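Numbering (the working numbering), first residue to last: 2 to 212.
Backbone N, C-alpha and C fix where the C-beta goes; we use that ideal spot for every residue, glycine too.
Since the model is a prediction, treat every value here as computed from it, not as a measurement.
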């Protein structure tokens, strides 16, 4: 079974998954920097570096999430083959909430840094909500991998993408054809096979007429 996500979606997923923890590691520098300025002290240089890194990575995460959302809307992932259920609906709702939370968090961080610092407390609350959602996401991934033993995680891992296989009946190739492009690819293959078959028939008829 081929994965339900394009390679760009998979790469964006894992890139954001690496960047989000960095935000938690550097977030404390913001409070220390502002406290030092408020007390009339010079902020620690390393705190300033982390502060800027946190801001720029936050903007980057927001932009990457925007790209990821656009790609998902334009090219939805392939169905996973599982029947509809309450657990599947809950998983989809959590996924949508994840998108909204991370994009909203990036937007609040930008506003707090460059427009209105008063929104900062809500930014802190948002970070805790996202942390709880990450924990649920990891727990769900572990459940699918260790208990259900299905291919849910495989859909988001490029290295486990199965090779293309040949269909013995019509010669179609499956596995690496993106949704939306498969029909065109298959049409071209059918046309090529038809042309080859017609050419073979013409050669056979010519040989029979002129032995």
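Exposed or buried, which one is residue 41 when buried takes at least 16 other CB atoms within 10 Å? By the beta-carbon neighbour count (other beta carbons within 10 angstroms, threshold 16), residue 41 is exposed.
When we look at the beta-carbon of residue 96 and count the other beta-carbons within 10 Å, is it buried (16 or more) or exposed? Of the other Cβ atoms in all chains shown, fewer than 16 fall within 10 Å of the Cβ of residue 96; this residue is therefore exposed.
Along the alpha helix (DSSP H) that carries residue 122, what are the first and last residues, could you check? 121–143
What are the boundary residues of the alpha helix (DSSP H) that includes residue 112? 87–115
Return helix, strand or coil for residue 63, following the three-state DSSP convention. Secondary structure of residue 63 (DSSP, three-state): helix.
With 16 as the cutoff for other CB atoms within 10 Å, does residue 6 come out buried or exposed? buried
Spatial neighbours of residue 17 within its chain, please: C-beta separation below 8 Å, excluding the five flanking residues on both sides. 62, 65, 66, 69 and 103
State yes or no: is the C-beta of residue 93 within less than 8 Å of the C-beta of residue 10? no
Separation of residue 37 from residue 57, as counted between CA atoms: 21 Å
For residue 25, three-class secondary structure by DSSP: helix
Helix, strand or coil at residue 150 according to DSSP, with G and I counted as helix: coil
For residue 34, I'd like the list of residues in its chain whose CB is within less than 7 Å of its CB, leaving aside the five on either flank, ordered along the chain. 44, 48, 49 and 52
Inter-residue spacing [alpha-carbon to alpha-carbon] between residue 60 and residue 86: 36 Å
Cα separation between residue 137 and residue 84? Approximately 22 Å between the Cα atoms of the pair.
According to the neighbour-count rule (16 or more other Cβ atoms, all chains shown, within 10 Å of its Cβ), is residue 15 buried or exposed? exposed
Straight-line CA distance for residue 115 to residue 29? So the two alpha carbons sit approximately 18 Å from each other.
For residue 118, name the three-state secondary structure that DSSP assigns. Residue 118 falls in the helix class under three-state DSSP.
If we ignore side chains and look at the alpha-carbon of each, how far apart do residue 31 and residue 124 end up? 12 Å
Sequence-distant residues of its chain with Cβ nearer than 6 Å to residue 146 (five each side left out): 154
From 132, 91 and 88, residue whose alpha carbon lies closest to that of residue 106: 132
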